[in-house]
Structure formats: structure tokens, C-alpha cells
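Chemist: Under the working numbering, the first residue of the sequence shown carries the number 1, and numbering increases by one thereafter.
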Amino acid sequence: MTRSINDVVFGYTDKFLTFLQLAMPSLSNTVQLCYNMSSRDINTTSKILSGGGNISDLGQYTEWQGYKKLPYWKTPEAAMINGTEGLFFAPNLDKTKPITTFVDDLFRANPLEFVKEEEVMTLQTYKYKIPRYVMMNATNNPLNEGFYAYGPDGLMNLTAAVMAPVFAS
1 MTRSINDVVF GYTDKFLTFL QLAMPSLSNT VQLCYNMSSR DINTTSKILS GGGNISDLGQ
61 YTEWQGYKKL PYWKTPEAAM INGTEGLFFA PNLDKTKPIT TFVDDLFRAN PLEFVKEEEV
121 MTLQTYKYKI PRYVMMNATN NPLNEGFYAY GPDGLMNLTA AVMAPVFAS
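1) How would you label A164, buried or exposed, when you count the other beta carbons within 10 angstroms and need 16 or more for buried?
2) Which same chain residues, not among the five before or five after S46, have their C-beta less than 7 Å away from its C-beta?
3) Express the C-alpha separation of F107 and A149 in angstroms, rounding to a whole number.
4) So, with DSSP's three-state summary, where would you put V8?
5) Comparing the C-beta of L20 with each C-beta of chain B, is any distance below 8 Å?
6) Quick test of your reading: P113 and F102, contact by CB under 8 Å. State the CB separation rounded to the nearest angstrom.
7) With a threshold of 16 other CB atoms inside 10 Å of the CB of D94, please say whether the residue is buried or exposed.
8) How long is the line joining the alpha carbons of I55 and G83, rounded to whole angstroms?
9) Report the three-state DSSP secondary structure of R108 (helix, strand or coil).
See the structure below:
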């Protein structure tokens with residue numbers, strides 16, 4: 001069987017899986033590498049920096065899905081598109097400074113703080129975590145008011161971005 005890169009990455013209908021659906025209706029008949037990508041992701045443009053001008057900018061978003069600022073959030077700080085996708089970062093990270101990832105499923109940028117150095121499969125790595133204040137409600141962290149964080153701590157309100165009552169925890 002020969003498949004194009006487009007088919008492998010974004011999906012194709014598999015005849016054998018279609019046959020298996022007769023016995024297991026909930027089984028998907030689609031094979032794809034990028035399972036979570038929606039048509040929104042495929043049909044719009046995001047821009048990230050290559051690091052050519054400044055290696056510290058490697059992988060930093062400048063635009064996401066055609067937006068330079070997110071239209072969903074209440075404040076300019078909340079609407080910022082910054083950070084990397086989280087798959088790679090610029091070399092020579094400074095452990096004393098937070099790094100930022102833009103999490104498109106949450107429609108927001110999140111800072112990450114250094115926790116410790118670890119070894120993974122003989123590679124020295126840095127472990128980071130989301131700081132507690134990111135998940136606080138607007139009463140406990142007024143900066144989260146821009147994300148309409150009026151519920152309990154630990155609950156992210158995505159209603160404005162998804163246009164339906166959707167929350168993440």
C-alpha cells in the first residue's frame with residue numbers, strides 16, 4: 001500500500017477498519033498521525049519564528065490560526081499569542097526564567113516553571129510545571145479575570161472561545 005504524506009498525517013479511510021466497524025460500530029475507520037488536528041488547524045495559517053535572527057526566538061508563535069491576538073478574551077494580556085507549541089524550545093534555556101507554551105486546545109499561553117533536571121533515556125532533560133497561579137480563579141489571581149475565570153480554582157472557562165459551556169481542569 002502506498003499513501004501520500006497528506007493522507008498519513010491528516011487521515012485516510014482504511015477499508016479493513018471500515019469492515020471491522022460492522023462488528024464494532026464505535027471503531028474509527030480513519031488512520032491518521034495528527035489525530036487531534038481539526039479542519040480549523042489544517043485550513044488556516046499559524047506563524048512561528050525560525051530563530052534565524054535570534055536563536056532565542058526559535059519556535060515562538062507570532063500568529064495563530066490567522067490571529068495576532070485572540071478575540072475570545074477580555075484583556076490584552078489574556079489575548080496574547082506567545083510561547084512555543086511546547087514540542088521544542090530554543091537552546092540554552094535559563095532554568096531561573098519561566099518558559100511559555102501556547103496551548104491551542106486551551107486557547108491561551110501558559111508559563112512553565114523549572115522543577116528539576118532529569119535523565120530520560122540517557123539524555124539530560126529539564127522538567128517544568130504549570131505554576132499554581134495559572135489555574136486560580138479571578139478572585140485569587142486577578143490576572144485570570146481576562147480568561148473569565150470566575151469558577152473554582154483549577155477550572156478553566158473556555159466558553160468564550162468555544163461558544164458553548166466548556167470547561168477544562
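Idealized CB from N, CA, C, for every residue including glycine.
Modeler: Judging by the given coordinates:
1) Counting Cβ neighbours within 10 Å, A164 comes out exposed, since fewer than 16 surround it.
2) Cβ neighbours of S46 within its own chain (closer than 7 Å, five residues either side excluded): Y61, E63, W64, Q65.
3) Going by the C-alpha atoms only, they are around 13 Å apart.
4) DSSP places V8 in helix when its eight states are reduced to three.
5) Protein chain content of the structure displayed is limited to a single chain, and chain B is not contained in it.
6) Per the sequence presented here, residue 113 reads as Glu, with Pro not at that position. About 17 Å separates the beta carbons of E113 and F102, which is beyond the 8 Å limit, so they are not a contact pair.
7) D94 should be labelled exposed.
8) Roughly 14 Å separates the two Cα atoms.
9) R108: strand per DSSP, three-state reduction.
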